[in-house]
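Chemist: Chains as they are written, first to last, in our numbering: chain A, 1 to 176; chain B, 177 to 597.
Quick one: the structure is below, and I'll ask about it shortly.
Rendered as structure tokens:
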């Protein structure tokens, strides 16, 4: 076993264990923390694939920005422990077989695939390659996505401020 | 200006290569241990320095009784924190309550691994390595990744304590850190546009040279577009990001007891405390690297100024002599022994630094640490000068002033870079 393989197995095991833990935990905040661990383990896997840039961005964007908002909202609402119900009839008769079928399908496809599993190191630097892709080859879809996100933000603002009757001072709502 | 080499050269942190070579691992381990020791000592004495400076700014003496000039105060504080009772509040989420201070402390210290302290390579066990633990091509991004996770320490500490003051403090603090992180990141984009690299060592070497032979080409005074706005945004958001006055709303004593760490006692509290100072050091190092030319000397490299390389030993020697002269007349016996001894050590160091085969290695770290010290001085000075912001003022300042200003700087710098090409 090469050291790389050991590190890979450790990270993969961590990612899977944390992902399972997201579902098993009853406290929403514990689930959120587990999800952060998944993100960080994935960043480690990216590092192993020589993609330092993607690894750093993975942590900054997912673990550092998106999950912070998740945790923030959970704290703000002070959400308590959720109740786990027994499987509903829908889940038992439709969901479970479908999930098992999907798993078998996935395992079969991965087993049958004939791609090379060794990582191909980026020749001229990952950062440069990604910026070329984003800002030259796919610049139009990229900009379109930012407009889409802007629309989503505006929509959220409109929904949040609708018919409350109390105009918030300077658009700024007190948090504490 | 080479904009086409975003990741080329510099670091040799090819990950799988590093994992496979035990010699690199060993050298890294040595560097980590040495750096950890230095940083923890620096953090302990930064607390002493802040208390002393604050006291003198306010016309007081500060710590004076524990050892000569209170120099043993950090040791006494550490012992006190170790020996105090460790209380866990009822109804606390035990796992997260314990994990939060560890997380905060670990993250605060680990980002220092990316900081390069000097240009010269040193030799450990026959391996020639640079003066940095992790010379990564995306070093800057990794520091930001670590800082962006730092919010969790504060948020989880507040939430898991099961106390309203802690929760309110944590909410305030996380809202503040999220808001100011945006300005912090944007303020650096200008520097990145000028340098075209994420590697911290390369960021410094790109700043070498002088405009008109006098003015150093640091990013703060860059001839293409001086990053004065960027530096202002960086410094203000860095103060807010480390939760220090005038942005220390997370621990506004008059409203929230102590904010997110209200319920923490003993060494868990000490870890939050030390983490604050460790992140101060990181932020000051980063300001030095990004805007103040890192380890580069502010003076031009001309024969007339060749004697400048003896400046470190001259300063050390003067400090040592002053300590000896002051020490022999100190009021306590311990001081009369310890202070002159310290002075002799400093003089010996000064002599060592002036040796021809050492003087070259001292230059980089000397200028780097001198600049970091200046930034830290301003940091402390600001804290003990300005009153605390109100919460709505804080948010308005962050979103309506600092954020647009940082964006404006990015736009202006981009134009300047394009025009310059």
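C-beta atoms are modelled at their ideal positions from N, C-alpha and C, and glycine is treated no differently.
Which residue or residues does DSSP assign as beta-bridge partners of residue 387(B)?
Modeler: DSSP, once it has assigned bridges, lists 391(B) as partnering residue 387(B).
Chemist: Indicate whether residue 36(A) and residue 324(B) have their beta-carbon atoms separated by less than 8 Å.
Modeler: No.
Chemist: How would you call residue 382(B), buried or exposed, if buried means at least 16 neighbouring beta carbons within 10 angstroms?
Modeler: Classification of residue 382(B): buried, given that the 10 Å Cβ count is 16 or more.
Chemist: Could you list which residues in chain A have their beta carbon closer than 7 Å to that of residue 318(B), in chain order?
Modeler: Going along chain A in sequence order, the residues near residue 318(B) (Cβ under 7 Å) are 56.
Chemist: Going by C-alpha distance, which of 546(B), 353(B), 282(B) is nearest residue 216(B)?
Modeler: The shortest C-alpha separation from residue 216(B) is found at 282(B).
Chemist: Taking only beta carbons into account, state which residues of the segment 251-283 of chain B come closer than 7 Å to chain A, listed in chain order.
Modeler: Those would be none; no residue qualifies.
Chemist: With 8 Å as the threshold, decide whether the Cβ of residue 454(B) is near any Cβ in chain A.
Modeler: False, the Cβ-Cβ gap to chain A never drops below 8 Å.
Chemist: Got a sec? Which residues, its chain only, sit under 7 Å from residue 24(A) by beta carbon, not counting five neighbours each side?
Modeler: None.
Chemist: Under 8 Å Cβ-Cβ, which residues of chain B neighbour residue 72(A)?
Modeler: Here the neighbours are 331, 347, 350, 351, 354.
Chemist: With a cut-off of 8 Å, does the C-beta of residue 123(A) fall near any C-beta of chain B?
Modeler: Unreliable positioning characterises residue 123(A) in this predicted model, as indicated by a pLDDT of 49, which lies under 50. The coordinate reading is nonetheless provided below. Chain B contact via Cβ: absent.
Chemist: Under a CB-based cut-off of 8 Å, is residue 374(B) close to chain A?
Modeler: Residue 374(B) counts as touching chain A.
Chemist: Quick check: what's the CA-CA separation for residue 123(A) versus residue 53(A)?
Modeler: Per-residue confidence for residue 123(A) stands at a pLDDT of 49, beneath the threshold of 50, marking its modelled position as unreliable; the derived number appears in the next sentence. Cα to Cα, residue 123(A) sits roughly 14 Å from residue 53(A).
Chemist: Run through DSSP, which three-state label would residue 306(B) get?
Modeler: Three-state DSSP puts residue 306(B) in a strand.
Chemist: Put residue 298(B) into one of helix, strand or coil per three-state DSSP.
Modeler: If DSSP states are grouped into helix, strand and coil, residue 298(B) belongs with the strands.
Chemist: Assuming residue 56(A) contacts residue 288(B) (C-beta within less than 8 Å), just tell me the rounded distance between them.
Modeler: Not really, about 17 Å apart at Cβ, beyond 8 Å.
Chemist: Just reading off the alpha helix (DSSP H) that residue 600(B) is part of, what are its end residues?
Modeler: The structure shown does not extend to residue 600(B), since chain B is modelled only from 177 to 597, so the question has no answer here.
Chemist: For the pair the segment 525-541 of chain B and the segment 200-215 of chain B, tell me if three or more CB-CB distances fall below 8 Å.
Modeler: Counting Cβ pairs under 8 Å, fewer than three are found: no touch.
Chemist: Quick one: residues in its chain with C-beta nearer than 6 Å to the C-beta of residue 269(B), no 5 flanking neighbours on either side, listed in chain order?
Modeler: Hits under 6 Å: 336.
Chemist: Give me the Cα-Cα distance between residue 601(B) and residue 298(B), rounded to the nearest whole angstrom.
Modeler: This structure does not reach residue 601(B), given that chain B is present from 177 up to 597, and the question cannot be answered.
Chemist: For residue 560(B), go through chain A and note every residue whose CB falls closer than 8 Å to its CB, in chain order.
Modeler: None at all; the shortest Cβ gap to chain A is about 26 Å.
Chemist: When the Cα of residue 126(B) is compared with those of 295(B), 343(B), 574(B), which residue comes out closest?
Modeler: With chain B running from 177 to 597 in the structure shown, residue 126(B) is simply not present.
Chemist: Report back the beta-carbon spacing between residue 457(B) and residue 219(B) to the nearest angstrom; my notes put them in contact at under 8 Å.
Modeler: Sure, about 7 Å apart at Cβ, within 8 Å.
Chemist: Apply the 10 Å Cβ neighbour rule to residue 261(B) and answer buried if 16 or more other Cβ atoms are within range, or exposed otherwise.
Modeler: Result: exposed.
Chemist: If you draw a straight line from the alpha carbon of residue 313(B) to that of residue 203(B), how long is it in whole angstroms?
Modeler: Their Cα atoms are separated by approximately 19 Å.
Chemist: For chain A, find out if any of its Cβ atoms is closer than 8 Å to the Cβ of residue 578(B); answer yes or no.
Modeler: No, no contact with chain A.
Chemist: Given that residue 82(A) touches chain B, what residues does it touch there, using C-beta distances under 9 Å?
Modeler: Per Cβ cutoff of 9 Å: no residues; residue 82(A) is ~15 Å from chain B at best.
Chemist: Might you give, ordered along the chain, the residues of its own chain that have their beta carbon closer than 7 Å to the beta carbon of residue 402(B), omitting 5 neighbours on each side?
Modeler: These residues qualify, in order along the chain: 396.
Chemist: Cα separation between residue 253(B) and residue 451(B)?
Modeler: Straight-line Cα distance between these residues: approximately 15 Å.
Chemist: Mind pulling the chain C residues with CB within less than 7 Å of residue 199(B)?
Modeler: No chain C is part of this structure, whose protein chains are labelled A and B.
Chemist: If you drop the 5 nearest sequence neighbours on each side, which residues of the same chain put their C-beta closer than 6 Å to that of residue 135(B)?
Modeler: Any answer about residue 135(B) is impossible in this case: the structure gives chain B only from 177 up to 597.
Chemist: Is residue 418(B) near residue 384(B), with beta carbons less than 8 Å apart?
Modeler: The answer is no: Cβ separation not under 8 Å.
Chemist: In terms of alpha-carbon separation, which member of 434(B), 290(B), 354(B), 578(B) lies closest to residue 73(A)?
Modeler: For the residues 434(B), 290(B), 354(B), 578(B), the minimum Cα distance to residue 73(A) belongs to 354(B).
Chemist: Whose C-beta lies closer than 6 Å to the C-beta of residue 51(A) among residues of the same chain, with five residues either side of it excluded?
Modeler: Closer than 6 Å at the Cβ level, and outside the excluded window around residue 51(A), lie 126.
Chemist: DSSP three-state label for residue 399(B), please.
Modeler: Coil at residue 399(B), not helix or strand.
Chemist: Name, please, each residue of chain B whose Cβ falls closer than 7 Å to the Cβ of residue 52(A).
Modeler: Those within 7 Å of residue 52(A) in chain B are 312, 313, 314.
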